[in-house]
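J.: In the numbering used here, the protein residues as written are 4 to 351. We put the CB at the ideal spot given by N, CA and C, even for glycine. Note that the structure is a prediction, hence the values are computed from the model and not measured. Sending over a structure as C-alpha cells; questions will come in a sec.
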C-alpha cells in the first residue's frame, strides 16, 4: 500500500463519525503549505476511507500513535486518552508501555519525567508528566508542602517548594534533595528580601505612630487615623501568624480572607493621614516634609499589601511564573503578580 500526497492545490474537508456512516470527502482549492507539520498532515491517512484508516491505526504502536496525534490536527481530536486506553488494555489491565505516556496530555517525555498518580489504583494507567502534575497543585500544597511522589522509573521524589516542579531523590527520606540547586539560592534571596521589606514596613508603621503621637498630637485628623492604623497592624500580625501555622484549609482560607479585610480597613486611615500631612508640609522646616514622606511611603506599602492579598484570595499561585513556555506578555504579568504576592506575605 502506498500513501501519496494530495494535489498541491487541494485540501480535503473530512467529516469523521464513530460509525463510519455518511463518510464523504469534499475538496476545495487552497494554497500549498510548506511547513513540516502541514506536509505531514497533507500526506496523511485522510485520503483513505474511514474504515481503512482505523485498520491502519489499529496496527500502530503507542509511540507512532502519539506522533500521529502531535503532527496531525485531524487526529489530535480522534486519538484521545480513551482511545489509547482501550487500544492498549488487555483483560482490564493496561499494557506496560502505557507507563511511559501521560494520561492527560498524551506526551512521552521519558520515564524519569513522569509521576505515578497515587490516587489511582496501582494497576491503572496513572502516569502524569511534570507539567500536568504542576498544574494540579492547589491550596492544599501550600498547607502541606514536601509531598512525596513516585517517579515512573522507580525513583522517589518531592515537589520543589519554590518552583512546584518535581525533583528526583534517590532516597525517600533525603531532606537535602527537596529543592533544586538553583531554587535554593533563589529561595534564600526571596526570604532575605521579604524580611528586609517586612522590617521596613514595621519600622515605618512605628515611626508614623510616633510622629502622630508627638509631632501631630494636637491634630486629631492625623493622630486618630494613625493610631487606628497602628492598632490594626498588630492585629494583622496575629492573623498572619495564625495563617502560617495552620494545617487546615478552612482556617487558612478564613485567615487569608481576614488579612484582606484588614488591608482594606487600613487603607482609609492611611490615606486620610497622608492627605492631612500635605497641609502641614507647607510649614517651614524639615520635620513637616519628613512626616509627609513617612505617611506617604506607609500609604504605598498599604496599597501594595492590598494588591498582594487580593491576588492570593483570588487563587493566584505565585509559582505560576515558573511555568515553561509562557508568552512574553504573560511572563511579565506573572512576574508582576508574583512580586506583589511575595511583597505581601512570606511565601514559604
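Specify the secondary structure class of residue 329 as computed by DSSP and reduced to three states.
T.: Position 326 of the chain shown, counted from the first residue, corresponds to residue 329. Residue state, collapsed to three classes: coil.
J.: Is the CB-CB distance between residue 186 and residue 165 below 7 Å?
T.: If you number the chain shown from 1, residue 186 lands on position 183. If you number the chain shown from 1, residue 165 lands on position 162. Taking 7 Å as the Cβ cut-off, residue 186 and residue 165 qualify as a contacting pair.
J.: In whole angstroms, what is the alpha-carbon distance linking residue 103 and residue 74?
T.: Residue 103 sits at position 100 when you count from the first residue of the chain shown. Residue 74 sits at position 71 when you count from the first residue of the chain shown. Near 19 Å, if we compare the C-alpha coordinates of residue 74 and residue 103.
J.: So, helix, strand or coil for residue 340, using DSSP?
T.: Residue 340 sits at position 337 when you count from the first residue of the chain shown. Looking at residue 340 - three-state DSSP - the assignment turns out to be helix.
J.: Within the same chain, show all residues whose beta-carbon is closer than 8 Å to that of residue 64, passing over the 5 residues directly before and after it, in chain order.
T.: Within the chain shown, numbered from 1, the residue matching residue 64 stands at position 61. The residues are 100.
J.: For residue 320 versus residue 347, is the C-beta spacing smaller than 7 Å?
T.: In the chain shown, residue 320 corresponds to position 317, counting from 1. In the chain shown, residue 347 corresponds to position 344, counting from 1. Result no, Cβ atoms of residue 320 and residue 347 do not sit closer than 7 Å.
J.: Given a cut-off of 7 Å, decide if residue 167 and residue 115 are closer than it, judged by their beta-carbon atoms.
T.: For the purposes of this step, residue 115 is taken as residue 112 along the chain shown, with counting starting at 1. For the purposes of this step, residue 167 is taken as residue 164 along the chain shown, with counting starting at 1. No.
J.: For the beta strand (DSSP E) that contains residue 3, what are its first and last residues?
T.: Here the chain comprises residues numbered 4 to 351, so residue 3 is not present and cannot be evaluated.
J.: Can you find the residues in the same chain that come closer than 6 Å, C-beta to C-beta, to residue 95, ignoring five residues on each side of it along the sequence?
T.: Within the chain shown, the letter at position 92 stands for residue 95. Excluding residues within five positions, none has a Cβ falling inside 6 Å.
J.: Thinking C-beta only, is residue 88 closer than 7 Å to residue 79?
T.: One-based indexing of the chain shown puts residue 79 at position 76. One-based indexing of the chain shown puts residue 88 at position 85. No, these two residues do not count as a Cβ contact at 7 Å.
J.: Tell me whether residue 85 is buried or exposed, calling it buried when 16 or more other Cβ atoms sit within 10 Å of its Cβ.
T.: In the chain shown, residue 85 corresponds to position 82, counting from 1. The residue in question, residue 85, is exposed, as its Cβ has fewer than 16 Cβ neighbours within 10 Å.
J.: Pick out the complete beta strand (DSSP E) segments inside the segment 75-127, 3 residues or longer, and give them in chain order.
T.: Within the segment 75-127, the complete beta strand (DSSP E) runs of at least 3 residues are 117-119.
J.: Among 131, 335, 279, 182, which residue has its Cα nearest to the Cα of residue 221?
T.: Within the chain shown, the letter at position 218 stands for residue 221. Comparing Cα positions, the closest option is 279.
J.: Which whole runs of the alpha helix (DSSP H) in the segment 240-311 are 4 residues long or more, in chain order?
T.: Complete alpha helix (DSSP H) runs here, min 4: 252-284.
J.: State buried or exposed for residue 151, treating a residue as buried only when at least 16 other CB atoms are found within 10 Å of its CB.
T.: Residue 151 sits at position 148 when you count from the first residue of the chain shown. Flag for residue 151 reads exposed.
J.: Would residue 117 and residue 130 be called neighbours here (beta carbons separated by less than 7 Å)?
T.: For the purposes of this step, residue 117 is identified with residue 114 of the chain shown, where counting begins at 1. For the purposes of this step, residue 130 is identified with residue 127 of the chain shown, where counting begins at 1. Cβ atoms of residue 117 and residue 130: closer than 7 Å.
J.: Measure the C-alpha to C-alpha separation of residue 328 and residue 291 and round it to an integer number of angstroms.
T.: Residue 328 sits at position 325 when you count from the first residue of the chain shown. Residue 291 sits at position 288 when you count from the first residue of the chain shown. Cα to Cα, the separation comes out at about 51 Å.
J.: Out of 58, 225, 257, point me to the one whose CA is closest to residue 271's CA.
T.: Residue mapping note: residue 271 aligns to position 268 of the chain shown, counting from 1. Checking every option, the nearest Cα to that of residue 271 belongs to 225.
J.: What is the C-beta distance between residue 268 and residue 314, in whole angstroms, given that I count them as a contact (C-beta under 8 Å)?
T.: Position 265 of the chain shown, counted from the start, is the residue given in the question as residue 268. Position 311 of the chain shown, counted from the start, is the residue given in the question as residue 314. Actually they do not touch by this definition, with Cβ atoms about 18 Å apart.
J.: Going straight from the alpha carbon of residue 342 to that of residue 60, what length do you get?
T.: Position 339 of the chain shown, counted from the start, is the residue given in the question as residue 342. Position 57 of the chain shown, counted from the start, is the residue given in the question as residue 60. Distance between the alpha carbons of residue 342 and residue 60: 49 Å.
J.: Going by the CB atoms, is the gap between residue 97 and residue 128 shorter than 7 Å?
T.: Translated into positions along the chain shown, residue 128 becomes position 125. Translated into positions along the chain shown, residue 97 becomes position 94. Yes, the pair counts as a contact, with Cβ atoms nearer than the cut-off.
J.: For residue 163, collect the residues of the same chain with a Cβ closer than 8 Å to its Cβ; drop the 5 residues on either side in sequence, then sort them by chain order.
T.: In the chain shown, the residue the question calls residue 163 occupies position 160. Correct list, in chain order: 169, 170, 181, 182, 183, 186.
J.: Return the first residue and the last residue of the beta strand (DSSP E) that residue 132 is part of.
T.: Working through the chain shown from its first residue, we reach residue 132 at position 129. From DSSP, the beta strand (DSSP E) with residue 132 extends over 130-132.
J.: List the endpoints of the continuous beta strand (DSSP E) containing residue 319.
T.: Translated into the one-based positions of the chain shown, residue 319 becomes position 316. Where residue 319 is concerned, there is no enclosing beta strand (DSSP E), given that its DSSP letter is neither H nor E.
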